[in-house]
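*Asks:*
Protein chains: 2
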Amino acid sequence: MLSRRHVSDPLPPDPNSIIQPHTTIIVGLSGGPDSVCLLHVLCSQKKELNLQIIAAHLDHEWQESSKIAAELCKNMCNNLGVDLVIKKLSELEFDVKWNGSQEEVGRLMRRHFFQSVAQQYQAHAIALAHHEQDQHETFFIRLLRGSSLKGLTGIQKKDGLYIRPLLHWSKNQIMQYLHENNLNYYTDQTNTSDAYLRNRIRNHVIPALHATDNRFEKNLTSTMSQLSLAHDFIEQQTCKIMQTMTTPQGINIALFLDTHTVAQQNILLRLLIMCGISFTPSQKLFNEIMRFLKKSSKNKHTLYQNCLIKKDKNYFSIEKLIKIDKNL
Amino acid sequence: MLSRRHVSDPLPPDPNSIIQPHTTIIVGLSGGPDSVCLLHVLCSQKKELNLQIIAAHLDHEWQESSKIAAELCKNMCNNLGVDLVIKKLSELEFDVKWNGSQEEVGRLMRRHFFQSVAQQYQAHAIALAHHEQDQHETFFIRLLRGSSLKGLTGIQKKDGLYIRPLLHWSKNQIMQYLHENNLNYYTDQTNTSDAYLRNRIRNHVIPALHATDNRFEKNLTSTMSQLSLAHDFIEQQTCKIMQTMTTPQGINIALFLDTHTVAQQNILLRLLIMCGISFTPSQKLFNEIMRFLKKSSKNKHTLYQNCLIKKDKNYFSIEKLIKIDKNL
Chain A
5 MLSRRHVSDP LPPDPNSIIQ PHTTIIVGLS GGPDSVCLLH VLCSQKKELN
55 LQIIAAHLDH EWQESSKIAA ELCKNMCNNL GVDLVIKKLS ELEFDVKWNG
105 SQEEVGRLMR RHFFQSVAQQ YQAHAIALAH HEQDQHETFF IRLLRGSSLK
155 GLTGIQKKDG LYIRPLLHWS KNQIMQYLHE NNLNYYTDQT NTSDAYLRNR
205 IRNHVIPALH ATDNRFEKNL TSTMSQLSLA HDFIEQQTCK IMQTMTTPQG
255 INIALFLDTH TVAQQNILLR LLIMCGISFT PSQKLFNEIM RFLKKSSKNK
305 HTLYQNCLIK KDKNYFSIEK LIKIDKNL
Chain B
5 MLSRRHVSDP LPPDPNSIIQ PHTTIIVGLS GGPDSVCLLH VLCSQKKELN
55 LQIIAAHLDH EWQESSKIAA ELCKNMCNNL GVDLVIKKLS ELEFDVKWNG
105 SQEEVGRLMR RHFFQSVAQQ YQAHAIALAH HEQDQHETFF IRLLRGSSLK
155 GLTGIQKKDG LYIRPLLHWS KNQIMQYLHE NNLNYYTDQT NTSDAYLRNR
205 IRNHVIPALH ATDNRFEKNL TSTMSQLSLA HDFIEQQTCK IMQTMTTPQG
255 INIALFLDTH TVAQQNILLR LLIMCGISFT PSQKLFNEIM RFLKKSSKNK
305 HTLYQNCLIK KDKNYFSIEK LIKIDKNL
């Protein structure tokens, strides 16, 4: 069971100290309740932890009213004495080739923007305002789409540059903090629309579960914590198993084929990530690689046009194909 | 993704062959659609697999109408030429000391009855009619209550004497089978009442998820299959780790304390089960044992009044305390 904080504490209890002293932190600020709370919580620790805080606001320009949010962010940062970087979506140098939902494109754009601000300020972390309800909604989004164990462990508190200091705060705690500190925020109207999967979960699925058993939120947090632990153990064991079959010539095929499917899948994922290959983990991809390793008489197989799997009698390896631009 | 069958096949595809030829199988028969379908499906395989099939019906006597179900079972078994054992709840020699719900007590009573019939006929298996929707409901029951990874893997297709040949059938497939074969069944009115947690999940939670994304059922089955695989890997790894620390003097404490929490929890569960100790796995129980192993200066600790953990400097072991009846 993850611990919960009292609203009067300036920061949530954080055993792994995701907020390090003497660091520069970019805060993703939409102007909504969650990010307004996050910015104030971090500012309340600014002196004590010697933090440099920079707020970053991306104006999506999807609605006229988004100007109001940008204005609110300006005033707030001005009052707090915090630097604010604002950019309009149309000003962003980012080529979207993504076929996902508008919501997903928005997320990718924000990430691109935050990362460019982080680079500009040589920041140590980008703080996002995800909280316990976001975590629960993510669980159900992944459950509805079909998920691995890892998917059900939800959003991570720390994931590369990104940190999520409010991940254990409930929405109620955030609203209470805003109320007690008399803070203004902006409410995005698209947030309540059933057009988005996340909102359908928030508006229909979570209330149905809560009505069925009102301890549901507490128990889901506890379950997700147990799943995280199980996933962590699997990662640890996979790492050990991988070491036993790794040689300078590559992965020992006989040992690889003799190990558990879960370890095989995790080892292949690790190899693909280590090579810097972009891919979507799927059963189809796993089956394709296994077919090649088990049956194919060929000694090379290409995946995604940029990934080469090579094997000889005893070993296999994965490498990224680098395309050479003939115009150069 | 688990495979699905066509209704016209006499049996669901079953890679692990849970129905063994030349065996005696007790079929739990309530008279409801699921168990009527199961009985007929098994009877259709009777000759080919040389099965001896005995139906077992427990009359719960909770409602006057339960007599109708008993009568329906009698007629059906008579027509099929299947032996039927009927018992009334009041005739059962079973001392209930369970504080759970009426539903849970009913389940325990049925299990006791089926096991006594299995013993009487020296049966090899007890077949129950759980199907895919039961599996999904079980997932949410456990999620609502807070669950380990194992809990979320759901009901097992084979679990000791119990087998569940319809576990991959959807409710629709069962209803279609009954319709195509012109079979009568009894509908239990309590099955639709919101008084039971399972029914609240069936009537409110599942429809909300289905309305959010109609691929939900298919994807949940796929997710549960992935969780089962992950759980299986954890069991395999735990077993290997346990072997490395087991000696004739007991479990090596230093090695045990040095291993991952998930392995520690699983090893303790295995030790308790191996000793035949009845317990409810909980974080509290785990913490109590860990506190004793890590900190206590004592060399003995009693759990549940019938379980003794002993330790010396290097090793620990768990044993069941056997109470001696002084009147004997």
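Heads up: the protein sequence lines correspond to chains A and B, in order.
First residue of the first sequence? That's 5 in the working numbering, and the numbers climb one at a time after it.
First residue of the second sequence? That's 5 in the working numbering, and the numbers climb one at a time after it.
Cβ atoms here follow ideal geometry from the backbone N, Cα and C, with glycine treated the same way.
If I'm right that A133 of chain A touches G254 of chain A with Cβ under 8 angstroms, what's the distance once you round it to whole angstroms?
*Replies:* In the first sequence, counting from the first residue as 1, residue 133 of chain A sits at position 129. In the first sequence, counting from the first residue as 1, residue 254 of chain A sits at position 250. Not really, about 44 angstroms apart at Cβ, beyond 8 angstroms.
*Asks:* By the three-class DSSP mapping on this structure, what secondary structure does D63 of chain A have?
*Replies:* Translated into positions along the first sequence, residue 63 of chain A becomes position 59. DSSP, read as helix, strand or coil, puts D63 of chain A in strand.
*Asks:* Using the rule of at least 16 other Cβ atoms within 10 Å of the residue's Cβ for burial, across every protein chain shown, is N54 of chain A buried or exposed?
*Replies:* Sequence index remark: in the first sequence, residue 54 of chain A carries index 50 (1-based). Exposed is the call here.
*Asks:* For the stretch 90 to 137 of chain B, list the alpha helix (DSSP H) runs that are entirely contained and at least 4 residues long, ordered along the chain.
*Replies:* 106 to 124
*Asks:* Using a Cβ cut-off of 7 angstroms, which residues of the stretch 226 to 241 of chain B contact any Cβ in chain A, in chain order?
*Replies:* S226, T227, Q230, L231, L233, A234, F237, I238, Q240, Q241
*Asks:* Going by alpha carbons, who is nearest to S34 of chain A out of A:C77, A:D87, A:K244, A:I238?
*Replies:* Locating residue 34 of chain A in the first sequence gives position 30, counting from the first residue. It is A:C77.
*Asks:* Is the beta carbon of V89 of chain A less than 8 angstroms from the beta carbon of V121 of chain A?
*Replies:* Here residue 89 of chain A refers to the residue found at position 85 of the first sequence. Here residue 121 of chain A refers to the residue found at position 117 of the first sequence. Their beta carbons are under 8 angstroms apart, which means V89 of chain A touches V121 of chain A by this criterion.
*Asks:* Less than 6 angstroms between C-beta atoms, sequence neighbours within five positions excluded: which residues of the same chain meet that for D198 of chain A?
*Replies:* Residue mapping note: residue 198 of chain A aligns to position 194 of the first sequence, counting from 1. Within the same chain, D198 of chain A has close Cβ partners R204.
*Asks:* So which of B:K162, B:N318, B:Y308 has the shortest CA-CA distance to K288 of chain B?
*Replies:* Residue 288 of chain B sits at position 284 when you count from the first residue of the second sequence. Looking at the Cα atoms, B:Y308 is the closest of the given residues.
*Asks:* So what's D163 of chain A in DSSP terms, helix, strand or just coil?
*Replies:* Walking along the first sequence from the start, residue 163 of chain A turns up at place 159. Strand.
*Asks:* Near E141 of chain A, which residues of its chain fall below 8 angstroms by C-beta distance, leaving aside the five closest residues on each side in sequence?
*Replies:* As a working mapping, residue 141 of chain A is identified with position 137 in the first sequence. Only residues of its own chain outside the window of five on either side were considered, and among them R202, I205, R206, I210 have a CB closer than 8 angstroms to the CB of E141 of chain A, listed in chain order.
*Asks:* When you compare the CB of M246 of chain B with every CB in chain A, is at least one pair closer than 8 angstroms?
*Replies:* Indexing the second sequence from 1 puts residue 246 of chain B at position 242. No, M246 of chain B lies away from the interface with chain A (no Cβ there is under 8 angstroms from its Cβ).
*Asks:* Return helix, strand or coil for H264 of chain B, following the three-state DSSP convention.
*Replies:* Looking up residue 264 of chain B in the second sequence gives position 260. In the structure shown, H264 of chain B sits in coil (DSSP, three-state: anything other than H, G, I, E or B).
*Asks:* What are the partner residues of A256 of chain A, as DSSP defines its beta bridges?
*Replies:* As a position in the first sequence, residue 256 of chain A is number 252, starting the count at 1. First, the residue type needs correcting, since residue 256 of chain A is Asn and not Ala in the sequence shown. Paired residues: A:Y319.
*Asks:* Excluding the 5 residues preceding and the 5 following E184 of chain B in the sequence, name in chain order all residues of the same chain whose CB lies nearer than 6 angstroms to its CB.
*Replies:* Position 180 of the second sequence, counting from 1, holds the residue named residue 184 of chain B. Taken in chain order, the list of residues that qualify is empty.
*Asks:* Which residues of chain A have a Cβ atom closer than 9 angstroms to the Cβ of N223 of chain B, listed in chain order?
*Replies:* Position 219 of the second sequence, counting from 1, holds the residue named residue 223 of chain B. Simply L147, L148, R149, G150, S151.
*Asks:* With a threshold of 16 other CB atoms inside 10 Å of the CB of E136 of chain B, please say whether the residue is buried or exposed.
*Replies:* Position 132 of the second sequence holds residue 136 of chain B. Result: buried.
*Asks:* Please check if any C-beta of chain A sits within less than 8 angstroms of the C-beta of T216 of chain B.
*Replies:* Along the second sequence, one-based indexing puts residue 216 of chain B at 212. Closer than 8 angstroms: yes.
*Asks:* Could you give the first and the last residue of the continuous alpha helix (DSSP H) run that contains H44 of chain A?
*Replies:* Sequence index remark: in the first sequence, residue 44 of chain A carries index 40 (1-based). According to the DSSP assignment, H44 of chain A belongs to the alpha helix (DSSP H) that extends over 37 to 47.
*Asks:* Excluding sequence positions up to five away, which residues of its chain have a Cβ less than 7 angstroms from the Cβ of H305 of chain A?
*Replies:* Along the first sequence, read from residue 1 onward, the residue named residue 305 of chain A stands at position 301. Listed in chain order, the non-local C-beta contacts of H305 of chain A below 7 angstroms within the same chain comprise F296, I313, local neighbours out to five positions each way being set aside.
*Asks:* Between the alpha carbons of H61 of chain B and F118 of chain B, how many angstroms are there, rounded?
*Replies:* To locate residue 61 of chain B, count along the second sequence from 1; it is residue 57. To locate residue 118 of chain B, count along the second sequence from 1; it is residue 114. One C-alpha to the other measures close to 8 angstroms.
*Asks:* Measuring CB to CB, does R146 of chain A end up less than 8 angstroms from G155 of chain A?
*Replies:* For this step, residue 146 of chain A is matched to residue 142 along the first sequence. For this step, residue 155 of chain A is matched to residue 151 along the first sequence. In contact: R146 of chain A and G155 of chain A (Cβ atoms closer than 8 angstroms).
*Asks:* Return the CA-CA distance between I238 of chain A and G150 of chain A, expressed in angstroms with no decimal places.
*Replies:* As a first step, residue 238 of chain A is located in the first sequence; it is residue number 234 there, counting from the start. As a first step, residue 150 of chain A is located in the first sequence; it is residue number 146 there, counting from the start. If I take the Cα positions, the gap works out to 19 angstroms.
*Asks:* Given C81 of chain B, which residues of its chain have a CB within under 6 angstroms of its CB, disregarding the five upstream and five downstream residues?
*Replies:* The count along the second sequence starts at 1 and reaches residue 81 of chain B at position 77. The residues A59, L88, in chain order, have a CB closer than 6 angstroms to that of C81 of chain B in the same chain once the five nearest residues on each side in sequence are set aside.
*Asks:* Short of 8 angstroms Cβ to Cβ, which residues in the stretch 262 to 295 of chain B face chain A?
*Replies:* H264, T265, V266, A267, Q287
*Asks:* Could you give the distance in angstroms between the alpha-carbon of E292 of chain B and the alpha-carbon of C279 of chain B?
*Replies:* Indexing the second sequence from 1 puts residue 292 of chain B at position 288. Indexing the second sequence from 1 puts residue 279 of chain B at position 275. Straight-line Cα distance between these residues: approximately 18 angstroms.
*Asks:* Give me whichever residues DSSP pairs with T306 of chain B in a beta bridge.
*Replies:* As a first step, residue 306 of chain B is located in the second sequence; it is residue number 302 there, counting from the start. Note: T306 of chain B sits in a beta bridge opposite B:L312.
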